[in-house]
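Okay, structure first, notes after.
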Ligand code: GLU
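Residue numbers (our numbering): 1 to 297.
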């Protein structure tokens with residue numbers, strides 16, 4: 001017997017929802033309903049300074065207005081830091097995690113110096129951020145020990161090379177296309193370098209929390225924007241290291257703003273609340289993101 005599918009929408013309440021979120025939420029919701037599955041909500045609020053209860057209430061209001069209902073109380077990540085800590089200690093006990101003390105300014109200076117010296121661009125991750133150079137590349141062992149001893153802030157990072165050596169088989173995932181057919185994608189987390197597992201300011205990271213929560217909520221299908229396609233390699237790696245099941249993924253097209261760039265909080269005009277205030281209807285929003293009833297049937 002196959003289990004009914006479980007879909008989710010996982011917004012970060014650090015602003016109001018825009019048209020890009022509407023596409024993601026509607027797709028997940030409609031797919032869950034069409035396939036007789038569940039639709040769950042997760043509030044990704046690990047950044048407890050930028051995410052506020054007011055913004056979360058706004059997100060829920062926008063979703064309800066769109067006609068979206070969810071099948072269980074939302075899971076709020078800020079209430080589950082213990083779960084992330086448990087996963088982190090498991091990885092730590094396997095020697096896969098280290099304390100990273102370099103500040104952003106130190107990394108920036110090291111990257112600039114290296115680029116000036118070699119004339120070549122410093123290696124960057126798929127999001128364009130320089131790979132973490134490693135504390136030992138920049139600091140003397142005494143300095144690392146001094147920072148550690150004096151309680152200097154640190155992030156926890158994954159030892160990527162070591163993690164890849166631990167894999168027993170090639171890392172792949174199933175990617176579902178718009179027509180529902182799936183194909184195999186080869187994951188390549190190495191391009192991300194030593195990813196952050198816990199930030200200096202919050203005891204987890206997006207990668208760790210999203211991976212663990214998808215498993216804890218029993219998510220079978222992760223449907224999200226194409227901007228997270230590359231990050232899926234990291235999530236697959238963490239699933240293997242933590243013994244978690246791999247959902248099917250579907251990375252949908254992004255809605256772009258008038259400037260052709262992916263929508264962000266700065267595209268205020270596409271906020272659902274603003275469109276609603278101007279008289280837009282939920283059906284109108286569906287049409288704007290290309291989610292008419294005909295398209296799904
Ligand atoms: N919280 C993430 C965001 O709002 C989405 C994470 C995901 O769908 O995996 O961009």
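Yeah, the Cβ is synthetic: ideal placement off N, Cα and C, and Gly gets one too.
- One Cα belongs to residue 239, the other to residue 214, and the distance between them is close to 10 angstroms.
- Under the DSSP assignment, residue 63 falls in the alpha helix (DSSP H) whose first and last residues are 53-66.
- Distances from the alpha-carbon of residue 76 to those of 276, 104, 210 put 210 closest.
- If you draw a 10 Å sphere on the C-beta of residue 204, you find 16 or more other C-beta atoms in it, and that means buried.
- The segment 62-81 and the segment 134-153 do not touch, with fewer than 3 CB-CB distances between them shorter than 8 angstroms.
- DSSP links residue 255 through a beta bridge to no other residue.
- Ranking 60, 32, 19 by CA distance to the CA of residue 43 puts 60 first.
- With a threshold of 7 angstroms, the Cβ atom of residue 228 counts as near the ligand GLU, since some heavy atom of the ligand is closer than that.
- Take residue 156, set aside five residues on each side of it, and the residues of its chain with a beta-carbon closer than 6 angstroms to its own are 97, 197, 198, in chain order.
- Per the DSSP secondary-structure output, residue 238 pairs with nothing in a beta bridge.
- In the displayed model, residue 275 falls within a helix according to three-state DSSP.
- Counting the other Cβ atoms within 10 Å of the Cβ of residue 18 gives 16 or more, which makes it buried.
- The Cβ neighbour count for residue 4, taken over all protein chains shown within 10 Å, is under 16; the residue is labelled exposed.
- Remark: the shortest separation between the CB of residue 233 and any heavy atom of the ligand GLU does not fall under 7 angstroms.
- In this structure, residue 251 sits away from residue 237, with a CB-CB distance that is not shorter than 8 angstroms.
- Contact between residue 272 and residue 10 is absent: CB atoms are separated by about 17 angstroms, not below the 8 angstroms threshold.
- Counting only runs of 3+ residues, the beta strand (DSSP E) found wholly inside the segment 184-228 occupies 196-198, 221-225, in chain order.
- Nearest in C-alpha terms to residue 223, of all of 279, 202, 247, is 247.
- Under the three-state reduction of DSSP, residue 292 is assigned to coil, being neither helix nor strand.
- Taking the Cα positions, residue 49 is about 41 angstroms away from residue 2.
- For residue 280, the three-state secondary structure derived from DSSP is coil.
- The C-beta separation of residue 164 from residue 135 comes to about 20 angstroms, leaving the pair out of contact by the 8 angstroms criterion.
- By the 16-neighbour rule on beta-carbons within 10 angstroms, residue 189 is buried.
- By a beta-carbon distance limit of 8 angstroms, residue 255 contacts residue 20. Their separation comes to about 4 angstroms.
- Distances taken from the Cβ of residue 10 to the heavy atoms of the ligand GLU include one shorter than 7 angstroms.
- Judged by beta-carbon spacing, residue 191 lies within the 8 angstroms limit of residue 126, meaning their Cβ atoms are closer than that value.
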